[in-house]
Amino acid sequence: MSGQTKYGEHAALVEKMAEALGLDLTEEMMAGNWTPEDMQSTVSRCLGCTDPAHCKGWLGEHAEGTEETPDYCRNKDLLEAMRTRLVSA
């Protein structure tokens, strides 16, 4: 798998994990709460995941949404903090 393809796969996983939490990263970017650099850092952490197929399965099981990410998610704290901030607003 090429680096770009792997990066794209993990970028999609980040987007889907955010969506499962009810987050719209594009909206967050337009509101100035999320930057391209934030996305790059988040995807870079996701790239360190050793089992993206497991994540894909988990996301499939939570297609209706969830309030928290799985414990193994390398972006758990970041995404859940963003969700908490938006829910509290």
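The C-terminal residue of the sequence shown carries number 89 in full-length UniProt numbering, and the numbering is unbroken. Every residue gets a Cβ at the ideal spot worked out from N, C-alpha and C, and that includes glycine.
Host alpha helix (DSSP H) of residue i (start-end)
{"i": "ARG74", "result": "Taken as a continuous stretch (DSSP letters only), ARG74 belongs to no alpha helix (DSSP H), as it is neither H nor E."}
{"i": "TRP58", "result": "52-61"}
{"i": "THR26", "result": "25-30"}
{"i": "THR42", "result": "36-47"}
Candidates the options, of which the one nearest residue i by Cα
{"i": "ASN75", "options": "TYR7, ALA18 and THR5", "result": "ALA18"}
{"i": "TRP58", "options": "GLY22, ASP38, CYS73 and MET30", "result": "CYS73"}
{"i": "LEU47", "options": "ARG85, HIS10 and THR5", "result": "HIS10"}
{"i": "ARG83", "options": "GLU28, ALA12 and THR5", "result": "GLU28"}
Secondary structure of residue i, DSSP reduced to three states
{"i": "THR5", "result": "helix"}
{"i": "LEU79", "result": "helix"}
{"i": "LEU13", "result": "helix"}
Cβ distance (whole Å) where residue i is taken to contact residue j below 8 Å
{"i": "THR42", "j": "VAL14", "result": "5 Å"}
{"i": "THR66", "j": "LEU21", "result": "6 Å"}
{"i": "ALA68", "j": "GLU80", "result": "One point to set straight first is that residue 68 is Glu, not Ala, in the sequence displayed. About 6 Å separates the two Cβ atoms, so the contact holds."}
Test: residue i CB closer than 8 Å to a CB of chain D
{"i": "LEU21", "result": "Looking for chain D here will not work: only one protein chain is present."}
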